[in-house]
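Take a look at the structure set out below.
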Amino acid sequence: DLSFMKMVILLKNGVPMSNNITLEKIRQHAIDNDACNTYLDVFTNAINNGNIKLAWQIVAIKIDWLTGTKFNIGLSDIPIDIDGECIIQWSKPSKTIYNILNKKIDGESKFFVYGKIDNIMNHKDGNLHGIYTSYHSNGNIYTQCNYEDDMLEGTHNVYHTNGSLSKTMSYLHDIPVGELKTYHDNGQLSTIGNFIDGNRVGEWIDYNEFGKINRKTVYKHGLYYDVDYYYYNDDGKLIKQNVGGVTTVF
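Going by our numbering, the sequence shown runs without a break in its numbering and finishes at 251.
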């Protein structure tokens, strides 16, 4: 059947039957609009190696960039079934394993560096959704947080390489809220302060690794430029302050 063979040839070369968007046109547009070389290189390699499914998977992953640079394309323009596992070898030491469902990233994705897991993320319908975890090179957790529809929600923790807690804070609809605490790697409190609607408010206190206060910052009206500062020596004694723009040394 000649019409069937023609369709197979067209699809093999990445040519949608409806609007004649080709992988080569996408590649040239990416070059002309300074696309990230990390994606452009693996995209070009997929085309050159005849891995058409992978090339279209990369298009789907980066479709927001394409439409943002005025390339008129939608997921419906992708002419073949690209659902399933998508493995992108960025360079010799790193790769990402995605899952594609309905032409969007969905479920768990893993990023590896030198064969070690670097981060695990979850997507739903193309958006970050669920637990995100990144790792130090020694395998200990570096960051752990939660996303809902591409926005940070709930507790966001960061850890030192030794596994101890480095920072804990909370987000509501991608905005910092409530108390923030940071810690030295020996477990001593380093900073404590509060957010309201993403703004630092009230007293923020910094401590040295021995638990002594070394600075207090007072944020007034949620403004970064309307701030009073108090500085302390290693024994926790006040030695300087800047209040209302006036500096006093003790």
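In this text, a Cβ means the ideal position worked out from N, Cα and C, and glycines have one as well.
- Leaving aside the five residues that flank T97 on each side, the residues in its chain whose CB is nearer than 6 Å to its CB run, in chain order, I89, F112.
- In the structure shown, S77 adopts helical secondary structure according to DSSP, grouped into three states.
- In this structure N195 does not touch G212 by the C-beta definition: roughly 20 Å separates them, more than the 8 Å allowed.
- The DSSP-derived three-state label of E25 is helix.
- In the displayed model, D151 falls within coil according to three-state DSSP, outside both helix and strand.
- Beta-bridge pairing by DSSP links L173 to I176.
- Ranking H174, N215, N34, V250 by CA distance to the CA of K71 puts N34 first.
- Exposed is the label assigned to Y115, since fewer than 16 other Cβ atoms lie within 10 Å of its Cβ.
- Taking C-beta atoms as the reference points, G237 and I214 count as a pair closer than 9 Å.
- N234 and T169 have their C-alpha atoms roughly 26 Å apart.
- If one requires a minimum length of 4 residues, the alpha helix (DSSP H) runs lying completely within the segment 57-130 are 64-69, in chain order.
- D229: member of the beta strand (DSSP E) spanning 228-233, first to last residue.
- Of D42, E109, S135, the smallest CA-CA separation from N120 is found for S135.
- For T248, the enclosing beta strand (DSSP E) stretches over residues 247-250.
- DSSP lists T192, R216 as the beta-bridge partner residues of D207.
- When C-alpha distances from H161 are compared across G188, K54, L41, the shortest belongs to G188.
- When DSSP states are grouped into helix, strand and coil, T162 belongs to the coil group.
- Here the alpha carbons of A61 and T68 stand approximately 11 Å from one another.
- Note on geometry: alpha-carbon atoms of V250 and I240 lie some 6 Å from one another.
- Pairing S95 with Q242, the inter-Cα distance amounts to about 49 Å.
- Nearest Cα to E25 within the set A47, N158, C146: A47.
- In this structure, Y208 lies near L190, with their beta-carbon atoms less than 9 Å apart.
- Looking at the backbone, the Cα of N52 and that of S92 are separated by about 17 Å.
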